[in-house]
Structures are given as structure tokens and as C-alpha cells.
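Asker:
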Amino acid sequence: METQKYWNIGRRLPPAESISDLPDWKQAQPAWIDRALDRALSKPSGGWFVVDGVRAIGTGPCRYRIDGRDYVVWRTGDGIAVAPDSCPHMGARMSDGFVRGGCVVCPWHGLELGVEGLGKWKPLETFDDGVLLWVRPPSAGGEVTERPIVPPRPDRYFDAVMRLEAKCDPRDVVANRLDPWHGAHFHPHSFTDLRVIEKDEESITVRVVYRITKRIGMEVDAVFDCPDPRSIVMTIIRGEGVGSVVETHATPIDPGHSAVVEATLATSDRPQFHTFMNTFSRFVRPVIEKRALRLWVEDGAYAERRYEIRTGGS
Ligand code: FES
Ligand SMILES: [Fe+2]
Numbered sequence: 048m049e050t051q052k053y054w055n056i057g058r059r060l061p062p063a064e065s066i067s068d069l070p071d072w073k074q075a076q077p078a079w080i081d082r083a084l085d086r087a088l089s090k091p092s093g094g095w096f097v098v099d100g101v102r103a104i105g106t107g108p109c110r111y112r113i114d115g116r117d118y119v120v121w122r123t124g125d126g127i128a129v130a131p132d133s134c135p136h137m138g139a140r141m142s143d144g145f146v147r148g149g150c151v152v153c154p155w156h157g158l159e160l161g162v163e164g165l166g167k168w169k170p171l172e173t174f175d176d177g178v179l180l181w182v183r184p185p186s187a188g189g190e191v192t193e194r195p196i197v198p199p200r201p202d203r204y205f206d207a208v209m210r211l212e213a214k215c216d217p218r219d220v221v222a223n224r225l226d227p228w229h230g231a232h233f234h235p236h237s238f239t240d241l242r243v244i245e246k247d248e249e250s251i252t253v254r255v256v257y258r259i260t261k262r263i264g265m266e267v268d269a270v271f272d273c274p275d276p277r278s279i280v281m282t283i284i285r286g287e288g289v290g291s292v293v294e295t296h297a298t299p300i301d302p303g304h305s306a307v308v309e310a311t312l313a314t315s316d317r318p319q320f321h322t323f324m325n326t327f328s329r330f331v332r333p334v335i336e337k338r339a340l341r342l343w344v345e346d347g348a349y350a351e352r353r354y355e356i357r358t359g360g361s
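Take 48 as the starting number for the sequence shown in this note's numbering and just add one per residue.
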């Protein structure tokens, strides 16, 4: 594809050979993507699912549907609880109630339910990793673990999280990210000069210019790999922001319906980076989240199309 002119404000990278001179559509081999996806799908999940960004959980109860069941999520005062969204008395939706003294209060007859539960109604195992809220529902099959498999993160970071739903399965979300070759074609507003420079059976490294504006970009090398069957992580390994990660997690809602929760954890060894990001977090975080959402509106359409084809659509 035609190379776009831009001004690189990032660090200069050492030269790197592309693994192929073939056009992107020839390099993007469905068989490689399927193999890498199968490897990811064969990894253990420990039974954990990402619910949302921790910051998205407000003061009132909210409802999330995960793997075919509805849950109420609320802040208990010293943590976040997740429990069935059906009152043990007569089945009212607890997420339509309110929170009082760390308990969720049923809207129909005022039953107060806390983390100790009541009869068969019990909060689930949860884990707050500081950025994302994870839950381990009883429906989770396979071997369960005490903690979710949280990918390696930088020691110090500025985080932003976006969530979006798509009509596809988690595997379609992961497959989208295992195809970096679509990046500069499908998201020309965000990427240019994308080349694959390393590839093995389960990870792929790209050199890409991330566009900040039309003419200003930052060239980085980034590696993609899957730590569990429903997550794919991009880590910057050379250029500006080495160690920064973008974690994309897919959580099943129902068959053919998934949530994509993406956390951007930005870091830098530039002296003023963290001071700047934290000082202007009210402005910077929405910008990062909006850009991630824009990409995922497009990638969601890609994943939905992949699901359609996979399930017999034309
Ligand atoms: S349905 Fe919840 S208290 Fe009656
Ligand atoms: Fe994409």
C-alpha cells in the first residue's frame, strides 16, 4: 500500500526487515490466524471473566450479563461485589434497587443483601486488579484458579478502559487482533506503515506508525500474544512508551454476543510523563478511551462479520 508521509515524534528505531514483501492480503493467512487462535483457545482461563473497568462501577447497583446469566454489581464500601441479579425473595432485579451501607437493597420489599449472602443467593468470587474487575461464575467450566491470569503490566502506568458489545463470540474478538495486517487498511486514521517483522506460531510483532494526527505519528514495535483463551495483549517493545500494554478481553454475554473490554496501560521513561498524565487525567483519559472505542467500533464490525461467516452467513 502507498506509504503515507508523517512526522515521527517518537524515538528512532533500528532498521527492521519485514518478514515478507508480499501484499498484506497475501500475508494475512487465515490458516495461521486459525492456528494461533486454536493455541489461545487451548490455554486455561482459570474460570475468570472480565466484567468491566473498575472505574465504570458507580455508586449504584448495575447489571451485567455474563455467560448467559444476569448479575448485579455494587460497591460494598471496601470492595466490589457481584451476585445473581434476582432477589432470593420473589425474584426482583436487584440492579433496579439501590445501595445502603454496603448492601444492595431490593426495590420490591426492601430486603438488604450483603457479601455474606442469604441462602442460595451468594456473591461470586471477584478480583479487582486495580484496573479491571474480574468474576468467576459458577458456570465456568474447566480447572478454576484462585486468581485470574492477569498479563504482565508496567510498574507504573496511566490506565484507560473502554467497553463495547458486539454480535460475535469471544474467539472472533481475539481473531481480529491476531490479524494485524488489516490495521493500516481498515483503520487508516490510526495506523500507517504497518509491517510484520516477526512471527512465530503464537505471537506476532509489528512495526507500525500510530497516528496522533494526520501528519504526526509515533513509530513503535509491538508484539501481540494471548495469555488466555479470551484475551489478547499488545505490548510495546521498542520506540516510545516501551512496556505500555493494551489488553483486549472478550467476555461472553450469550452465544453470539460478547463484551469487549480493553484496558490501555500507558507508561514512559520520559521524566514528566506520569506527572502530566495524572495532572490532566480528566482530559487525557476520555481521549484515549474515545480512540480505543473508535477502533473497536470498526473491529467490532470485523468480528461480527467473521462470526456471520463462521456460523453459515453469506
Ligand atoms: S422480591 Fe426482593 S424483597 Fe421481595
Ligand atoms: Fe483493527
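Ideal placement from N, C-alpha and C gives every residue a C-beta, glycine not left out.
In whole angstroms, what separates the C-alpha of Asp240 from that of Val267?
Answerer: Using only the alpha carbons, I get a separation of about 11 Å.
Asker: So, for Ser186: in the same chain, excluding its five sequence neighbours on each side, which residues have a beta-carbon less than 8 Å away from its beta-carbon?
Answerer: Cβ within range, chain order: Asp114, Gly115, Arg116.
Asker: Going by DSSP in three states, Asp85 sits in which element: helix, strand or coil?
Answerer: Asp85: helix per DSSP, three-state reduction.
Asker: Just to check my reading of the structure: Ser278 and Thr252 have Cβ atoms closer than 8 Å, yes? What is that Cβ distance to the nearest angstrom?
Answerer: With a Cβ gap of about 18 Å, Ser278 and Thr252 do not count as contacting.
Asker: Taking 8 Å as the limit between beta carbons, can you name the residues of its chain near Glu172, skipping five residues before and five after?
Answerer: For Glu172, where only same-chain residues beyond five positions count, the Cβ hits under 8 Å are Val182, Arg183.
Asker: Spatial neighbours of Gln74 within its chain, please: CB distance less than 6 Å, with the 5 preceding and 5 following residues excluded, ordered by chain position.
Answerer: Result list for Gln74: Ser67, Trp228, in chain order.
Asker: Pull up the distance between the alpha-carbon of Arg203 and that of Thr314, whole angstroms please.
Answerer: In a straight line, the C-alpha of Arg203 is about 6 Å away from that of Thr314.
Asker: Quick one: is Ala78 buried, meaning 16 or more other Cβ sit within 10 Å of its Cβ, or exposed?
Answerer: Per the 10 Å Cβ criterion, exposed.
Asker: By DSSP, does Gly230 sit in helix, in strand, or in coil?
Answerer: DSSP places Gly230 in helix when its eight states are reduced to three.
Asker: Tell me whether Pro217 sits in a helix, a strand or coil according to DSSP, three-state version.
Answerer: Looking at Pro217 - three-state DSSP - the assignment turns out to be helix.
Asker: Rounded to the nearest angstrom, what separates Pro195 and Val162 at their Cα positions?
Answerer: Taking the straight line from one Cα to the other gives about 20 Å.
Asker: Relative to the alpha-carbon of Ser291, which residue among Pro318, Pro201, Val208 has its alpha-carbon at the smallest distance?
Answerer: It is Pro201.
Asker: Where does His321 sit, in a helix, a strand or coil, going by DSSP?
Answerer: In the structure shown, His321 sits in a helix (DSSP, three-state: H, G or I).
Asker: Note the first and the last residue of the continuous beta strand (DSSP E) segment covering Asp71.
Answerer: Where Asp71 is concerned, there is no enclosing beta strand (DSSP E), although the alpha helix (DSSP H) it sits in stretches over 71-74.
Asker: Can at least three beta-carbon pairs, one atom from the region 153-161 and one from the region 136-144, be found at a separation below 8 Å?
Answerer: Taking 8 Å as the limit for Cβ pairs, the verdict is that the region 136-144 does touch the region 153-161.
Asker: What is the residue span of the alpha helix (DSSP H) that Trp155 lies within?
Answerer: Where Trp155 is concerned, there is no enclosing alpha helix (DSSP H), given that its DSSP letter is neither H nor E.
Asker: Are three or more beta carbon pairs between the region 341-349 and the region 215-235 nearer than 8 Å?
Answerer: The region 341-349 vs the region 215-235: in contact.
Asker: Using beta-carbon positions only, say whether Arg254 and Ala63 come within less than 8 Å of one another.
Answerer: In this structure, Ala63 lies closer than 8 Å to Arg254 by Cβ.
Asker: Which residues in the same chain as Phe205 place their Cβ atom closer than 6 Å to its Cβ, once the five residues preceding and following it in sequence are excluded?
Answerer: Cβ within range, chain order: Ala313, Met324.
Asker: Just the residues with CB closer than 7 Å to a heavy atom of ligand 1, in chain order, which are they?
Answerer: Qualifying residues, in the order they occur: Cys134, His136, Met137, Gly138, Ala139, Cys153, Trp155, His156, Gly157, Leu158.
Asker: How about Arg353 and Val208: are their beta carbons less than 8 Å apart?
Answerer: No, the pair does not count as a contact, with Cβ atoms beyond the cut-off.
Asker: Please return the same chain residues whose Cβ sits closer than 7 Å to the Cβ of Gly149, not counting the five positions on each side in sequence.
Answerer: Around Gly149: Thr123, Gly124, Gly161.
Asker: What are the boundary residues of the beta strand (DSSP E) that includes Ala297?
Answerer: Note, Ala297: beta strand (DSSP E), 292-301.
Asker: Answer with buried or exposed for Arg59, where buried requires no fewer than 16 other C-beta atoms within 10 angstroms of its C-beta.
Answerer: So Arg59 ends up on the exposed side.
Asker: Which class does Tyr53 belong to by DSSP, given the choice of helix, strand or coil?
Answerer: Residue state, collapsed to three classes: coil.
Asker: Buried or exposed, going by whether 16 or more other CB atoms sit within 10 Å of the CB of Asp226?
Answerer: By the 10 Å Cβ count, Asp226 comes out buried.
Asker: Which residues mark the beginning and the end of the beta strand (DSSP E) in which Lys167 is found?
Answerer: Counting along the chain, Lys167 falls outside any beta strand (DSSP E), and DSSP gives it neither H nor E.
Asker: So for Ile251, helix, strand or coil by DSSP?
Answerer: It is a strand residue.
Asker: Alpha carbon to alpha carbon, how far is Ser92 from Ala297? Give it in angstroms, no decimals.
Answerer: Straight-line Cα distance between these residues: approximately 12 Å.
Asker: Which first and last residues belong to the beta strand (DSSP E) in which Lys246 is found?
Answerer: Unbroken beta strand (DSSP E) run through Lys246: 238-246.
Asker: If I'm right that Ala310 touches Leu179 with Cβ under 8 Å, what's the distance once you round it to whole angstroms?
Answerer: Contact flag correct, Cβ pair sits at about 6 Å.
Asker: For Arg82, I'd like the list of residues in its chain whose CB is within less than 7 Å of its CB, leaving aside the five on either flank, ordered along the chain.
Answerer: Taken in chain order, the residues that qualify are Glu248.
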